[in-house]
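*Asks:*
Numbering (the numbering used here), first residue to last: 26 to 210.
1) Can you give the Cα-Cα distance for residue 171 and residue 144, rounded to whole angstroms?
2) Cutting at 6 Å between CB atoms, please list the residues of its own chain near residue 40, excluding the five before and the five after it.
3) Less than 8 Å between the C-beta atoms of residue 102 and residue 124, yes or no?
4) Touch check for the segment 70-90 and the segment 124-143: three-plus C-beta pairs under 8 Å?
5) Pull up the distance between the alpha-carbon of residue 28 and that of residue 190, whole angstroms please.
6) Flag this pair as yes or no: are the beta carbons of residue 64 and residue 110 separated by less than 8 Å?
7) Starting from residue 28, trace the alpha helix (DSSP H) both ways and give me its first and last residue.
8) Using the C-alpha atoms, what's the distance from residue 157 back to residue 118?
9) Figure out for me which residue from 159, 148, 97 has the closest Cα to the Cα of residue 132.
10) Please name the residue in 129, 59, 43 whose C-alpha comes closest to that of residue 104.
11) Once you ignore the five residues that flank residue 86 on each side, which residues in its own chain have a CB closer than 7 Å to its CB?
12) Is it right to say residue 147 is buried, meaning 16 or more other beta carbons lie within 10 angstroms of its own, or is it exposed?
13) Run the CB neighbour count on residue 58, radius 10 Å, all protein chains shown included, and call it buried at 16 or more, exposed below.
14) Going along the chain, which residues of its own chain have a beta-carbon closer than 6 Å to the beta-carbon of residue 213, five neighbours each way excluded?
15) How close, in whole Å, do the beta carbons of residue 48 and residue 56 come, if the pair is a contact with beta carbons under 8 Å?
16) Does residue 108 pass the burial test, meaning 16 or more other C-beta atoms within 10 Å, or should it be called exposed?
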């Protein structure tokens with residue numbers, strides 16, 4: 026809960042106070058120019074790092090490996106780019122940290138450990154919503170533990186199973202161009 030407070034309330038207040046203080050010391054035009062410069066640097070670094078991650082995702086999927094690590098880095102790069110575009114010193118520092126590969130790896134590892142801890146304690150939940158034909162919505166979800174997902178009780182309905190047999194038909198090769206009189210073709 027305190028993370029939401031910091032992100033929504035405290036960080037913007039600190040950003041405004043720092044921008045006012047820096048504008049008084051170094052001039053408003055210099056601080057404005059610095060904000061524009063960091064936004065452009067953020068865009069350039071995000072594109073460069075994003076391309077490297079996209080290349081890694083393609084490489085992983087080409088080898089049949091789930092690109093979870095690469096996708097995590099891609100999300101962090103996107104967040105870093107957005108933080109660099111937002112004017113302010115704190116967001117610029119956090120954004121730059123997410124665009125540096127070594128620091129980004131550390132953040133990704135911390136997030137991974139936190140997610141695993143939440144899953145082990147049963148605090149991690151996934152919820153999905155579906156709509157029925159009559160316009161109503163139904164929630165479905167799972168809570169994760171050490172033993173894998175623990176799904177909520179579902180409604181069990183009787184259903185009729187339709188069993189079919191398949192038959193593979195192969196075309197016979199004939200030496201002439203005339204069609205064959207084969208009953209299965």
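For glycine and all other residues, C-beta sits at the position ideal for the given N, C-alpha and C.
Note that the structure is predicted; figures quoted are calculated from it, not measured.
*Replies:* Answer, in terms of the structure:
1) Mapped onto the chain shown, residue 171 falls at position 146. Mapped onto the chain shown, residue 144 falls at position 119. Its pLDDT being 47, under 50, residue 171 is placed unreliably by the model, and the measurement read from it follows with that caveat. Between the alpha carbons of residue 171 and residue 144 lies a distance of about 7 Å.
2) As a first step, residue 40 must be located in the chain shown, where it is residue number 15. Here the set comprises 113, 115.
3) On the chain shown, residue 102 is found 77 positions in, with the first residue counted as 1. On the chain shown, residue 124 is found 99 positions in, with the first residue counted as 1. Cβ distance < 8 Å, so residue 102 and residue 124 count as in contact.
4) Contact between the segment 70-90 and the segment 124-143 is present, because at least three Cβ pairs lie under 8 Å.
5) As a first step, residue 28 must be located in the chain shown, where it is residue number 3. As a first step, residue 190 must be located in the chain shown, where it is residue number 165. Residue 28 and residue 190 have their C-alpha atoms roughly 58 Å apart.
6) Counting from one through the chain shown, the residue named residue 64 turns up at place 39. Counting from one through the chain shown, the residue named residue 110 turns up at place 85. The answer is yes: Cβ separation under 8 Å.
7) For the purposes of this step, residue 28 is taken as the residue at position 3 of the chain shown. Looking at the DSSP string, the run of the alpha helix (DSSP H) that includes residue 28 is 27-30.
8) Within the chain shown, numbered from 1, the residue matching residue 118 stands at position 93. Within the chain shown, numbered from 1, the residue matching residue 157 stands at position 132. Between the alpha carbons of residue 118 and residue 157 lies a gap of roughly 47 Å.
9) Position 107 of the chain shown, counted from the first residue, corresponds to residue 132. That would be 97, whose Cα lies nearest to the Cα of residue 132.
10) Residue mapping note: residue 104 aligns to position 79 of the chain shown, counting from 1. Among 129, 59, 43, the Cα nearest to that of residue 104 belongs to 129.
11) Translated into positions along the chain shown, residue 86 becomes position 61. Excluding the 5 residues flanking it on each side, residue 86 has same chain C-beta neighbours closer than 7 Å at 92, in chain order.
12) Taking the chain shown and counting its residues from 1, the one referred to as residue 147 is at position 122. Around the Cβ of residue 147, a 10 Å sphere holds fewer than 16 other Cβ atoms; the residue is exposed.
13) Numbered from its first residue, the chain shown carries residue 58 at position 33. Using a 10 angstroms sphere on the CB of residue 58, the tally of other CB atoms stays under 16, which defines it as exposed.
14) With the chain represented from 26 up to 210, any question about residue 213 goes unanswered, as that position is not in the structure.
15) The sequence position of residue 48 within the chain shown is 23, counting from 1. The sequence position of residue 56 within the chain shown is 31, counting from 1. A Cβ-Cβ separation of about 5 Å places residue 48 in contact with residue 56 under the 8 Å criterion.
16) Start at 1 with the first residue of the chain shown, and residue 108 comes out as number 83. Counting Cβ neighbours within 10 Å, residue 108 comes out buried, since at least 16 surround it.
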